[in-house]
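Data first, discussion second: the structure below is written as structure tokens.
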Amino acid sequence: MRIIQATLEHLDLLTPLFVKYREFYGSLPYPDSSRAFLEKRLRRKESVIYLALPDDDDKKLMGFCQLYPSFSSLSLKRVWILNDIYVAEDARRQLVADNLIRTAKKMAKETQAVRMRVSTSSNNEVAQKTYESIGFREDTEFKNYVLPISDEL
1 MRIIQATLEH
11 LDLLTPLFVK
21 YREFYGSLPY
31 PDSSRAFLEK
41 RLRRKESVIY
51 LALPDDDDKK
61 LMGFCQLYPS
71 FSSLSLKRVW
81 ILNDIYVAED
91 ARRQLVADNL
101 IRTAKKMAKE
111 TQAVRMRVST
121 SSNNEVAQKT
131 YESIGFREDT
141 EFKNYVLPIS
151 DEL
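Heads up: the sequence shown begins at 1 in full-length UniProt numbering, then just goes up one per residue.
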């Protein structure tokens, strides 16, 4: 498998899997809005998206991850938020997520980040085990809270 950084040219390949990712977490598909969202992130360079492709096929997407930049005021350094990661059903159990995360980790090191953060649903044990196997540790120092602002797109 190959891991590449997504560009605007990959939108048609990425959008269907991004829609499946949204549906996995209970969101409505909204394919047009999803594509527009991804296009804005890429065009504005507001996120970094990595794609996992088979070695011999540029038209099949095995998985993707999307990271957003943030910063730590306490360490005075960059932080990367691994916000989205999804593996196509027919590509599971092939270490796609591991390869995507390792590539993201390499990019985080190259940008002198102090850490990467990731969240997943509390019942997604497969994702939790994957993150822990790569070296993520559950945050016991800080408790995270969410303040909902709006449920609309």
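We treat Cβ as the ideally placed atom computed from N, Cα and C, and that holds for glycine.
Would a C-beta distance cut-off of 9 angstroms place residue i and residue j closer than the cut-off?
i, j, result
"M1", "L67", "no"
"T130", "A88", "no"
"S70", "R137", "no"
"Q5", "L51", "yes"
"T103", "I3", "yes"
"T7", "L42", "yes"
Can you tell me which of the three DSSP states residue i falls into?
i, result
"P16", "helix"
"Q5", "strand"
"Y68", "strand"
"L147", "coil"
"K77", "strand"
"Y30", "coil"
"N124", "coil"
"R92", "coil"
"E58", "Reading off the sequence shown, one finds Asp at residue 58, where the question assumed Glu. Reduced to three states, the DSSP call for D58 is coil."
"D84", "strand"
"R117", "strand"
Between the alpha carbons of residue i and residue j, how many angstroms are there, rounded?
i, j, result
"D57", "L13", "12 angstroms"
"M62", "Y21", "12 angstroms"
"K60", "E110", "28 angstroms"
"E23", "F37", "15 angstroms"
"K40", "L11", "11 angstroms"
"Y30", "F18", "10 angstroms"
"Q128", "C65", "15 angstroms"
"R35", "I85", "16 angstroms"
"V126", "K45", "30 angstroms"
"L147", "N123", "21 angstroms"
"Y145", "E9", "36 angstroms"
"K106", "S121", "25 angstroms"
"S72", "S150", "26 angstroms"
"S133", "L28", "31 angstroms"
"L76", "R115", "12 angstroms"
"R92", "K143", "31 angstroms"
"V48", "N99", "15 angstroms"
Cβ of residue i within 8 angstroms of any heavy atom in the ligand FMN?
i, result
"Q5", "For the structure depicted, the ligand FMN is absent and the ligand set is empty, with no information on it obtainable."
* Given 8 angstroms, three or more beta-carbon pairs between the region 69-81 and the region 101-121 -> Contact holds: three or more Cβ-Cβ distances are below 8 angstroms.
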